[in-house]
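First to last, the protein sequences are chains A and B. So the first sequence is numbered by the working numbering: it starts at 10 and just counts up by one. So the second sequence is numbered by the working numbering: it starts at 5 and just counts up by one. Backbone N, C-alpha and C fix where the C-beta goes; we use that ideal spot for every residue, glycine too.
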Amino acid sequence: MSAHPSPDRTDRTDLTDGPARTAPLDPPDLPSPPRKKRGQWASAARRFKKDRLAVAGVVMLIVMIAAAVAAGFFVDYERDVVRQNVLEKLRPPGPGHWLGTDQYGRDILARLLYGARYSLSIGATAIVFALGGGLVVGATAGYFGGLAENVLMRLVDMFIAIPATLFAIAVVSALGPGVVNLTMAIAMAYLPIFARIMRAATLTVKDLDHVEAARAIGCGHLRILVRHVLPSIMGPLIVQGTLGVGYAILQASALSFLGLGVMPPDPEWGAMLSEGGAFMRQSPWMVIFAGLAIIYVILALNIIGDGLRDALDPKMRD
Amino acid sequence: MTALATDGPLVEAAGLAKFFKTPMGLLHAVDGVDLQVARGRTLGVVGESGCGKSTLGRLLLRLIEPSAGRVLFRGEDLTTFSRRRLRHARRRLQIIFQDPYSSLNPRMSVGELIAEPLIVHRLGGSAADRGRRVSRLMDLVGLADRLVNAYPHELDGGRRQRVGIARALSLEPEFLVLDEPVSALDVSIQAQILNLLMDLQEELSLTYVFITHNLAVVRHISDEIAVMYLGRCVERAPAKELFSRPTHPYAQALLDAVPRPRLRRGEPKKPVIRGELTSPIDPPPGCRFAARCPRRVPECSADPPQIEISPGHFCACPPAAASPPKNLRQP
């Protein structure tokens, strides 16, 4: 290789006492053995496991899911969940009916456990679709800008202008009631909201130097989006997602109450909550336990979400 | 090197301009800049904040699209390249960023960061080969091997900048834009990084455009220096010549702005330029510096031509070029 030494250039500075480059810098403060190779996900998992609160959240959620699954072994759907028994109606919590009975004499514990199947799956599925769709729309709009952004975001604005509940009602009315349609209706109602959030998050990230650096080394748009933009907007994504499940459960209950979602006599938490409202004075347990079940799940999800957000941030200590 | 060498400059810009639309009007960030950089040489670009230095650097790499003008790389016009061809050309054209804190993806390890260009361009073969190449690059820039799995936040500024340099070098580029590569670093680290950059230039016959506002640094590393003011190049000369015979009133003022001890009581104080930087939005025609210039004449309201005062020394100020300073300044 022929170098081009420039004759009229001053010699290298010696502002430092140490050798400039050849010796690897080796101050004693850093741990000297090379750190083990650990993937991003593996180290995120490690950080998550160290977060006791987050692990507790996972345990809470697993307990609820396990209870919903196990319910099939302990309670008979026809006999305990659906069949009305007027003699037993509005019993307070006690032996026989641990959480009391509702106005038709049905055991609230049994209905809550079965209801978890509906509520959890509707909430989670709806949010996964809404987040996924919102991410694609929002990240595309935010990253590319220009015409794509204008078209996508004006559409989103249009949908946001319609209240989520009203929009879901419209969708279910069009598609017909049922659990699947209910889930899709909720997903579509929340998609524009997530799209807005994801666009905003993308905008804050896309002009960062490291994204420009990715362009400078010749990355394509897809790689930049997936490898450089997406990981940086993971935090708001996860937090919004876990919060969203709670909203989705409530939304599902509202629609069920209107007769557009889960049809009675199938149990669903939100439906149970709103039915209980009428009997709140004389038998508050109907509202209390349905509400507690919803709070329990949302709390667990929020704790998990916070833990995930921290675990996915490599700046947090191992 | 191989027989790539041509007689012309490796990188050449002609009439390069970038205007940004703002609600107030058209912002002339870079406005008709011509420059040439020969292979293996360093062109220093100096100017105060907001004069368009960084925009110029990005235009030279076509990281942003120019509003007008051409960038020739090895005689080929980069501005006409298709997306695919441009991505391919990125192997030869790299940039080192000012801020080593924000220019590295915080979620990628040092090894991943340096290997990414190789993956993107499908170079470096198998994962094991790539690992060896990353290791060689880390050695080249003076990073200890054990840092390969460290994350950027675990490194200090100097090491991060070394990661940025290794990443840029992984594609074996010919031309590097150094956008204030040491401005964010401690002074002691600055010298290390500058020396590293100069060593690498000799070893790999790299061609640099070195953007900075630091006059001491630019003088140390550059063969030729261009002084920018509000998007225009006001003076361009070999480094020594510019420091000893600055001709354009702005270049003189810029060099005078460096604080210097007055050794004798009788030494006159240097005049300081008055006024504020005029707005780069819809500027009036003519010399950008005219509003603040002590030597203003009526002709300054016409766009000034670049006048060659001595070989390789261009000055965009006809009155000053007519009577260039005779006595050499004490550098």
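Fill in: P37/A classed as buried or exposed, judged by whether at least 16 other C-beta atoms fall within 10 angstroms
Confidence at P37/A is low in this model, with a pLDDT of 43, below 50, so the placement of that residue should be treated as unreliable; the coordinate-derived value is given next. P37/A comes out exposed.
**Message:** Run through chain A and tell me which residues come within less than 9 Å of D103/B, C-beta to C-beta.
**Reply:** Residues of chain A passing the Cβ test: D218.
Can you tell me whether E280/B is helix, strand or coil according to DSSP?
Here DSSP, grouped into helix, strand and coil, assigns E280/B to coil.
**Asked** Which residues, in chain order, does the stretch 90 to 124 of chain A contribute to contact with chain B at a C-beta distance below 7 Å?
**Response** Within the stretch 90 to 124 of chain A, no residue has a Cβ that lies closer than 7 Å to any Cβ of chain B.
Report task. Note down, in chain order, every chain A residue with its Cβ under 7 Å from the Cβ of I215/B. Result -> Neighbours of I215/B across chain A, judged by C-beta separation under 7 Å, do not exist; the nearest C-beta is about 14 Å away.
Of all Cβ atoms in chain A, is any one closer than 8 Å to the Cβ of I99/B?
It does: the Cβ of I99/B has a partner Cβ on chain A nearer than 8 Å.
Check your understanding: Is it right to say N190/A is buried, meaning 16 or more other beta carbons lie within 10 angstroms of its own, or is it exposed?
Key -> So N190/A ends up on the buried side.
Next on the checklist: When you compare the CB positions of L147/B and A170/B, do they come within less than 8 Å of one another, or not?
Outcome noted: Yes, the pair counts as a contact, with Cβ atoms nearer than the cut-off.
* chain B partners of G227/A, CB-CB under 9 Å? -> Simply L90, R91, H92, A93, R94, R95, P121, V124, H125, L175.
task = State buried or exposed for F298/A, treating a residue as buried only when at least 16 other CB atoms are found within 10 Å of its CB.
result = Around the beta-carbon of F298/A, 16 or more other beta-carbon atoms lie within 10 Å, marking it buried.
Helix, strand or coil, according to DSSP, for T251/B in the structure here?
Reduced to three states, the DSSP call for T251/B is coil.
Practice prompt. Tell me, to the nearest whole angstrom, how far the beta carbon of L246/A is from that of Y152/A; I am working on the premise that it is less than 8 Å.
Written response: At roughly 15 Å, the Cβ-Cβ gap does not stay under 8 Å, so L246/A and Y152/A are not in contact.
Exercise. Residues in its own chain within less than 6 Å of S292/A by CB, not counting five upstream and five downstream?
Worked result: Contacts found: L99.
Check: Leaving out five residues before and five after V296/A in sequence, what residues of the same chain have Cβ atoms less than 7 Å from its Cβ?
Finding: So the qualifying residues of the chain are L282, G285, G286, M289.
(message) Looking only at its chain, what residues have a beta carbon closer than 8 Å to the beta carbon of S53/B, apart from the 5 residues adjacent to it on each side?
(response) Cβ neighbours of S53/B within its own chain (closer than 8 Å, five residues either side excluded): H217.
Looking at the structure shown, is R88/B part of a helix, part of a strand, or coil, going by DSSP? In the structure shown, R88/B adopts helical secondary structure according to DSSP, grouped into three states.
Our contact map puts H314/B next to G48/B with C-beta atoms below 8 Å; I'd like the distance itself, whole angstroms only.
Note on identity: in this sequence residue 314/B is Ser, with His being the wrong assignment. Not really, about 18 Å apart at Cβ, beyond 8 Å.
ask   = Roughly how many angstroms separate the alpha carbons of P331/A and A280/A, rounded to a whole number?
value = Residue 331/A lies beyond the stretch modelled for chain A, which goes from 10 to 327, so this question has no answer here.
### Alpha carbon of S241/A to alpha carbon of V214/A, nearest angstrom
Near 7 Å, if we compare the C-alpha coordinates of V214/A and S241/A.
Where does the unbroken beta strand (DSSP E) through I233/B begin, and where does it stop? The sequence shown places Tyr at residue 233/B, not Ile. Taken as a continuous stretch (DSSP letters only), the beta strand (DSSP E) holding Y233/B covers 228 to 233.
request  = Spatial neighbours of R240/B within its chain, please: CB distance less than 6 Å, with the 5 preceding and 5 following residues excluded, ordered by chain position.
outcome  = A230, F318, listed in sequence order.
task: Determine the direct distance from the alpha carbon of M243/A to that of H237/A, and round the result to whole angstroms.
output: Approximately 11 Å, taken between the alpha carbons.
ask   = Could one say the Cβ of S107/B lies closer than 8 Å to chain A's Cβ atoms, at least one of them?
value = So, interface residue.
Segments assigned beta strand (DSSP E), at least 3 residues, entirely inside the stretch 77 to 151 of chain B: DSSP assignment within the stretch 77 to 151 of chain B yields the following whole beta strand (DSSP E) runs of 3 residues or more, N-terminal first: 97 to 100.
How long is the line joining the alpha carbons of D260/B and F203/A, rounded to whole angstroms?
-> The straight-line gap from Cα to Cα measures roughly 55 Å.
Check: What span of residues does the alpha helix (DSSP H) with D319/A cover, start to end?
Finding: That run of the alpha helix (DSSP H) goes 294 to 320.
- Query: Would a check of beta-carbon distances place L39/B closer than 8 Å to chain A?
  - Reply: Chain A, which has no Cβ nearer than 8 Å to the Cβ of L39/B, makes this no.
Between R137/B and chain A, is any beta-carbon pair separated by less than 8 Å? Output row for R137/B: interface = no.
Practice prompt. Return the CA-CA distance between D55/B and A148/A, expressed in angstroms with no decimal places.
Written response: As written in the sequence, residue 55/B is Cys, which differs from the Asp given in the question. Computed Cα separation, rounded: 33 Å.
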